[in-house]
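K.L.:
Have a look at this one.
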Amino acid sequence: MYYQILIITAVILGSFSSIYAEDYTIHIPFGAYNPELNTPAEVWYDPPVLSVDIGDTVTWINDDKEGHTVTSGESSGRFGWMNKDFGTPDGLFDSDRFMPNESWSYTFDKSGLFSYYCSIHPWMEGRIVVKESLLDYPHDAFGNKIEKFPVIQDTPDKMIEVDLTWEPSIIKTHEEVKFIYQFYNAATNTNLAKMKYDFILIQNGNEIYRDTGLTQIGGDYRNFAFDNSGPIIIKFEGITNTAGTVDEKSVSGITTKAARTTEFSTVVYDNPDKISHEQIHVKPAQRLEFYYELLTVIILAPAVVFILAIYWMKKKPKSSEPKYGSVKI
1 MYYQILIITA VILGSFSSIY AEDYTIHIPF GAYNPELNTP AEVWYDPPVL SVDIGDTVTW
61 INDDKEGHTV TSGESSGRFG WMNKDFGTPD GLFDSDRFMP NESWSYTFDK SGLFSYYCSI
121 HPWMEGRIVV KESLLDYPHD AFGNKIEKFP VIQDTPDKMI EVDLTWEPSI IKTHEEVKFI
181 YQFYNAATNT NLAKMKYDFI LIQNGNEIYR DTGLTQIGGD YRNFAFDNSG PIIIKFEGIT
241 NTAGTVDEKS VSGITTKAAR TTEFSTVVYD NPDKISHEQI HVKPAQRLEF YYELLTVIIL
301 APAVVFILAI YWMKKKPKSS EPKYGSVKI
């Protein structure tokens, strides 16, 4: 299933990129051919750094008086040519030499940071930052728009309904996302507390996170930050009960893990603003059950003290009253 999702996601993103692709222009200014410091050209490529999306096309126009190239790789710097160092190409793209008033175009089909230079004048260098195109609405890994949250799935045995929400609804790398979920009896639509399960995240064919959880008041959550982009599967595996209410007993007949496993999917996008993140506190440090028990103690404690005080006052022996009479002299 995962590889089917991966293929469909690639097609969707490719189609999206082609529909919304834009064209950009970079000029090679007059004087770029000259490595000296005092030249008419303030930059070798104008703009020297350009940010585009996957599927966008960049066109370089030669406004200089000599021929130039646009060659992917690392330049040798301003004075490297003096040591016969003319840069190091990486083979991704190469315009070959194009003359004054001519142009050359290239369409970027993957994200990343791309350095380029002129193989004739290796002091000339530029950068292209290619971002992954973002759909502006939440969707699953097949591109189907999610109209509203929570997303609802039943387990294969039709016994348990799993409701899942993630915030933010469009997930980016290095950005904390909160997965919030509830378990319900599919037949009665009642909340199921104390359900044991495995929460699993799968990305790029690899299991990147697994944790065994126990729902409190029927729900739970996990925080996570992704290092890589791409389609993901959010899996709840082997959901089973651990308590003894009528509703929980009604869903206790688990046969296999597969019968109590359900999956959701979406896509993680590259974050153009972040390249790393701090450690995320993945799961709640204190469960809701603890707070409810604490609240019960807070409410009941004064009442118990009050009742004991009344009981003690009633049991306290009465002091004998003094007898009044004549005093013998």
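Numbers 1 to 329, taken from the UniProt record's numbering, label the letters of the sequence shown in order.
Here a beta-carbon is modelled for each residue, glycine too, at the ideal position from N, C-alpha and C.
Just to confirm before moving on: does the CB-CB distance between D227 and T173 stay below 8 Å?
P.N.:
yes
K.L.:
Are three or more beta carbon pairs between the segment 45 to 52 and the segment 84 to 98 nearer than 8 Å?
P.N.:
no
K.L.:
So for W60, helix, strand or coil by DSSP?
P.N.:
strand
K.L.:
Just verifying my parser: in three-state terms, what is the DSSP assignment at K314?
P.N.:
helix
K.L.:
Please determine, among F306, H277, V267, E237, the residue with the shortest C-alpha to C-alpha distance to S229.
P.N.:
V267
K.L.:
Run through DSSP, which three-state label would V43 get?
P.N.:
Three-state result, V43: coil.
K.L.:
For I208 and F224, what's the separation of their Cα atoms in angstroms?
P.N.:
11 Å
K.L.:
Could you tell me the distance, in whole angstroms, from the CA atom of F114 to the CA atom of Y33?
P.N.:
22 Å
K.L.:
Quick check on F226: does DSSP put it in helix, strand or coil?
P.N.:
coil
K.L.:
Which class does L113 belong to by DSSP, given the choice of helix, strand or coil?
P.N.:
strand
K.L.:
Please classify P302: is it buried, with 16 or more other beta-carbons within 10 angstroms of its beta-carbon, or exposed?
P.N.:
exposed
K.L.:
So residue 331 packs on M124, CB below 8 Å; how close in whole Å?
P.N.:
An answer regarding residue 331 cannot be provided, because it is not within the stretch 1 to 329 covered by the chain.
K.L.:
List in chain order: all unbroken beta strand (DSSP E) runs of 3+ residues lying wholly within the segment 159 to 227.
P.N.:
160 to 167, 177 to 185, 195 to 203, 206 to 214, 219 to 224
K.L.:
Classify Q279 as buried or exposed, calling it buried when 16 or more other Cβ atoms lie within 10 Å of its own Cβ.
P.N.:
exposed
K.L.:
Please report how far the alpha carbon of G77 lies from the alpha carbon of G213, in whole angstroms.
P.N.:
55 Å
K.L.:
Candidates F93, E102, G55: which alpha carbon is nearest H68's?
P.N.:
E102
K.L.:
Taking 8 Å as the cut-off, decide whether the C-beta atoms of Y221 and I180 are in contact.
P.N.:
yes
K.L.:
Going straight from the alpha carbon of N191 to that of G143, what length do you get?
P.N.:
30 Å
K.L.:
Nearest to T25 by alpha carbon, out of G91, A141, T59?
P.N.:
It is T59 whose Cα lies nearest to the Cα of T25.
K.L.:
What residues in its chain sit with their C-beta under 8 Å from that of D110, if we drop five residues either side in the sequence?
P.N.:
It is Lys, not Asp, that sits at residue 110 in the sequence shown. Counting only Cβ-Cβ distances below 8 Å, and skipping sequence neighbours, we find I54, V130.
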